[in-house]
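With the UniProt record's numbering as the guide, the letters of the sequence shown map in order to residues 1 to 647.
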Amino acid sequence: MAKSFHIDWKTGHLPRGRARTSLLDLPNELLLQILLDESLSERDLFAVGLVCRHFNLIALPIFLQGYGIVDPCSTISISVPEWDPAHRKKPDALAGLCATAHGITSVRLLRCFFQEALPQPSQQTEVELRAAHLPHAVRRLTRFVHRLSHIEDAQIYLVRHADDTVQTRKPSDGSRLRGAPMDEICDWADALGGLLNAIVERGCTRLTVRYNAAIEIGSFRFRDRGNEMTVLFPSISRGSACADPPPVVHWDWEKPSWSTSIQTALLRGKSFPLVPYSQKAQNNPTIQYFFLHSASLFLPPFTNWTLSLLHTQTSLTHLSIGDVALAKDHWAFLLPMIPDSVCQRLIAFTVASQCTSLGATDLLQFLTRLSRLERLKIDNIFGWEIWAKCPMRSPFHSSATRPPFRDDIPLPRFPHLQFLEAPVEVAWFLVEAGASGGRSVDEQQRKEHVAFPSLEVLIMHAETLSTDYPACYVEAALMVNILLHRFIDNRNVPGEDHPKLDFVLSAEAADVRNLEPVADYITTVTTQEVLHHNSTAYRDISLTEAEIEALARGDAFPRPANAEHLPHSATHHTPAIAFPHVTGLLLHTLDSADGNLQRTIIRYADISISCSHVWLGWNLPLASRIRRRRTAARREKEVSYNRLPTH
Numbered sequence: 001m002a003k004s005f006h007i008d009w010k011t012g013h014l015p016r017g018r019a020r021t022s023l024l025d026l027p028n029e030l031l032l033q034i035l036l037d038e039s040l041s042e043r044d045l046f047a048v049g050l051v052c053r054h055f056n057l058i059a060l061p062i063f064l065q066g067y068g069i070v071d072p073c074s075t076i077s078i079s080v081p082e083w084d085p086a087h088r089k090k091p092d093a094l095a096g097l098c099a100t101a102h103g104i105t106s107v108r109l110l111r112c113f114f115q116e117a118l119p120q121p122s123q124q125t126e127v128e129l130r131a132a133h134l135p136h137a138v139r140r141l142t143r144f145v146h147r148l149s150h151i152e153d154a155q156i157y158l159v160r161h162a163d164d165t166v167q168t169r170k171p172s173d174g175s176r177l178r179g180a181p182m183d184e185i186c187d188w189a190d191a192l193g194g195l196l197n198a199i200v201e202r203g204c205t206r207l208t209v210r211y212n213a214a215i216e217i218g219s220f221r222f223r224d225r226g227n228e229m230t231v232l233f234p235s236i237s238r239g240s241a242c243a244d245p246p247p248v249v250h251w252d253w254e255k256p257s258w259s260t261s262i263q264t265a266l267l268r269g270k271s272f273p274l275v276p277y278s279q280k281a282q283n284n285p286t287i288q289y290f291f292l293h294s295a296s297l298f299l300p301p302f303t304n305w306t307l308s309l310l311h312t313q314t315s316l317t318h319l320s321i322g323d324v325a326l327a328k329d330h331w332a333f334l335l336p337m338i339p340d341s342v343c344q345r346l347i348a349f350t351v352a353s354q355c356t357s358l359g360a361t362d363l364l365q366f367l368t369r370l371s372r373l374e375r376l377k378i379d380n381i382f383g384w385e386i387w388a389k390c391p392m393r394s395p396f397h398s399s400a401t402r403p404p405f406r407d408d409i410p411l412p413r414f415p416h417l418q419f420l421e422a423p424v425e426v427a428w429f430l431v432e433a434g435a436s437g438g439r440s441v442d443e444q445q446r447k448e449h450v451a452f453p454s455l456e457v458l459i460m461h462a463e464t465l466s467t468d469y470p471a472c473y474v475e476a477a478l479m480v481n482i483l484l485h486r487f488i489d490n491r492n493v494p495g496e497d498h499p500k501l502d503f504v505l506s507a508e509a510a511d512v513r514n515l516e517p518v519a520d521y522i523t524t525v526t527t528q529e530v531l532h533h534n535s536t537a538y539r540d541i542s543l544t545e546a547e548i549e550a551l552a553r554g555d556a557f558p559r560p561a562n563a564e565h566l567p568h569s570a571t572h573h574t575p576a577i578a579f580p581h582v583t584g585l586l587l588h589t590l591d592s593a594d595g596n597l598q599r600t601i602i603r604y605a606d607i608s609i610s611c612s613h614v615w616l617g618w619n620l621p622l623a624s625r626i627r628r629r630r631t632a633a634r635r636e637k638e639v640s641y642n643r644l645p646t647h
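As structure tokens, this is what we get:
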């Protein structure tokens, strides 16, 4: 029989010689089984991790795995959907990271969403978000960053759908006026500025800031060479660039958007809060890639911080701008403010989507300063604007006459450019500018320069390449093919050796599900028949009589050598408009992790019929052609970082 013993319940002491048994005495394997039990809630698991260091090392890694954080030293992707300071009632991944006692000193990728990843605007958020609470959430991330010694890649995603999900402070009368109170603006400037400085100070090589804040700035008075000018948010006064030191923008707070007359009198003329660029960040020039996809960094109070970063980060070679909604005058002021020393360092530049009101002239003037550029990507939105500003000849005309260029349109030339992705209209303009040598063309010798002599990859976007609008499709197809011929003819210079050029057609905007309407349209145009279709879908295009005759003969462009068996009947006069020089297709897929588009280039080689050849008269959609030929094709996948790309 086992010997009995008694416990002194007043003192809680065991009899002498008897040791207490607790969870700490259990082996780690058994503790893991207990903590992995599904009966424990996230809050319980988090609480266990705070008991002692031993439990911290066992419980918190399990807690973080529930949020997809398996190796914190490699990748940390978190969402901070609750901004309220009372967030401790429900601990999240960021709370687990801050409470972790084991050494997380270096992180390869730190990604943080201040809204749920990929939120839907129509969805009702379960958590009440207030703009005034956002600085608190930002400071929580800053406290974790301060614990780290190094961050290689930092991605900060601010508020994507503020209008639908975020509540802002309103005046007592219930009206909705623009602009937050000054205390909120100062709090926000201090919070985000502290986070950005902390990231740069830790040797970050890639920095991404995307989307905007939920705090609106209001009305300000900017100083323009001593003259005060009142402007409304978001606005910047005109100014001139300064090479060294970095340019500084000055402004005064005009008045709060909603405040009493007494408050306005007290605060009028008060300087807007400045976000300083820390000295430690200036002394640590490690950023190589900067994805500037937030209008907040272009506007006060972060304008000078951004200009200082561009100026002092001497390792910066890749710059991407996107998701920046500014007025046209703001772009005309901001781009020249970027010093020439920065432009001379850039070898890659991207203008992504949603850069509203960025004029083609302002963009081209900035591009002329990027003399060392090797990679250039321009979004589709600039295609038609540049085309409208350049009174060129019809792109389908067979004449070799050089088109006249307007004096106010800059003509950038890129002798080192290796990669170009742009709308076909922009690519057309750039190749003509490069081939003519710009304004420096020798009128006596009439020497034609080689456009982009180092170019290796050309990716074209054709916005109107849609069979739903046959006339637009024909126009876009002709433009693409003639541009490719222009490249080929321009590079065939005797005695000069140029790299092989890959022509890739983007399938992002292309829609070729049914080619029959296009064939009907060509037949109608070439036989002078009366159109019985919707006038909006079958609008006229500017084709000469010679070009229409070429279409009718079916020899507008040469047929590939391996296409003898394709249908070609002179009696039916079905034109064979194809893309014989296109070597690949650019496909886009959405990454569920960060919401970025992953880009895949599919190349086809040594096959009888390339899927990129689109022949009129066939009733097979392009998608089925791709599927049928995929097994016989050699697929070469190239997934690029589309923040430059892609972000």
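By construction, the Cβ of each residue, glycine as well, lies at the ideal position given by its N, Cα and C atoms.
- Going by C-alpha positions, LEU23 is about 15 Å away from ALA47.
- Here TYR473 carries a helix assignment [DSSP, helix/strand/coil].
- With contacts defined as CB atoms closer than 9 Å, ALA348 and ARG375 qualify as a contacting pair.
- When DSSP states are grouped into helix, strand and coil, ASN212 belongs to the strand group.
- Within the same chain, and ignoring the five residues on either side of ILE69 in sequence, the residues whose Cβ sits closer than 7 Å to its Cβ are ILE76, ALA93.
- In the three-state reduction of the DSSP assignment, SER106 falls in the strand class, which pools E and B.
- Of all alpha-carbon atoms in GLY49, HIS54, ILE602, GLU42, the one lying nearest the alpha-carbon of TYR67 is that of GLU42.
- Looking at the DSSP output, HIS461 shares a beta bridge with PRO423.
- When PHE55, LEU50, ASP37, GLY49 are compared, the shortest CA-CA separation from ASN28 is found for PHE55.
- Only residues of its own chain outside the window of five on either side were considered, and among them SER74, GLU152 have a CB closer than 6 Å to the CB of ARG108, listed in chain order.
- For LEU319, the enclosing beta strand (DSSP E) begins and ends at 318 to 321.
- For SER308, the uninterrupted alpha helix (DSSP H) segment begins and ends at 303 to 312.
- With contacts defined by Cβ atoms closer than 9 Å, LEU195 and VAL138 form a contacting pair.
- Between the alpha carbons of GLY584 and MET460 lies a distance of about 11 Å.
- DSSP places ASP153 in no alpha helix (DSSP H) but in the uninterrupted beta strand (DSSP E) bounded by 150 to 157.
- Approximately 13 Å separates the beta-carbon atoms of LEU207 and ILE321; this is outside 8 Å, ruling out the contact.
- Put simply, of GLN418, PHE419, LEU417, ARG413 the residue whose alpha carbon is nearest the alpha carbon of PHE429 is ARG413.
- Under the three-state reduction of DSSP, ILE488 is assigned to helix.
- In the structure shown, VAL480 adopts helical secondary structure according to DSSP, grouped into three states.
- Of the other Cβ atoms in all chains shown, 16 or more fall within 10 Å of the Cβ of ILE378; this residue is therefore buried.
- Residues PRO415, HIS498 of the same chain have their beta carbon placed closer than 7 Å to that of PRO453, with the five preceding and five following residues left out of the count.
- HIS150 and GLY203 do touch by the CB rule: their CB atoms are close to 5 Å apart, below 8 Å.
- 9 Å or more divides the Cβ of VAL426 from the Cβ of ALA451.
- Around the C-beta of ARG53, fewer than 16 other C-beta atoms lie within 10 Å, and the residue is accordingly described as exposed.
- Note on geometry: alpha-carbon atoms of PRO276 and ILE185 lie some 15 Å from one another.
- The beta carbon of ILE215 is closer than 6 Å to those of ALA131, ALA180, GLU184, TRP188 in its chain, skipping five residues each way along the sequence.
- Straight through space, the alpha carbons of PHE114 and PRO91 are spaced by roughly 15 Å.
- HIS133 sits in a helix when the DSSP states are folded into three classes.
- Shortest Cα-Cα distance from HIS133 to any of GLY49, LEU455, ASP84, PRO285 involves ASP84.
- Straight-line spacing of the CA atoms in LEU478 and LEU316 works out to 39 Å.
- Per DSSP, the beta bridge partners of THR75 are LEU109.
- Contact between ALA507 and LEU420 is absent: CB atoms are separated by about 18 Å, not below the 8 Å threshold.
- When secondary structure is reduced to three states using DSSP, LYS280 falls in the helix class.
- Taking C-beta separations shorter than 7 Å and ignoring five residues to either side along the sequence, the partners of PHE503 in its chain run LEU458, LEU484, HIS581, VAL582, THR583, following chain order.
- Distance from the CA of ARG140 to the CA of THR100, rounded to the nearest whole angstrom, comes to 14 Å.
- Note on GLN65: under 16 other CB atoms within 10 angstroms of its CB, so exposed under the neighbour-count rule.
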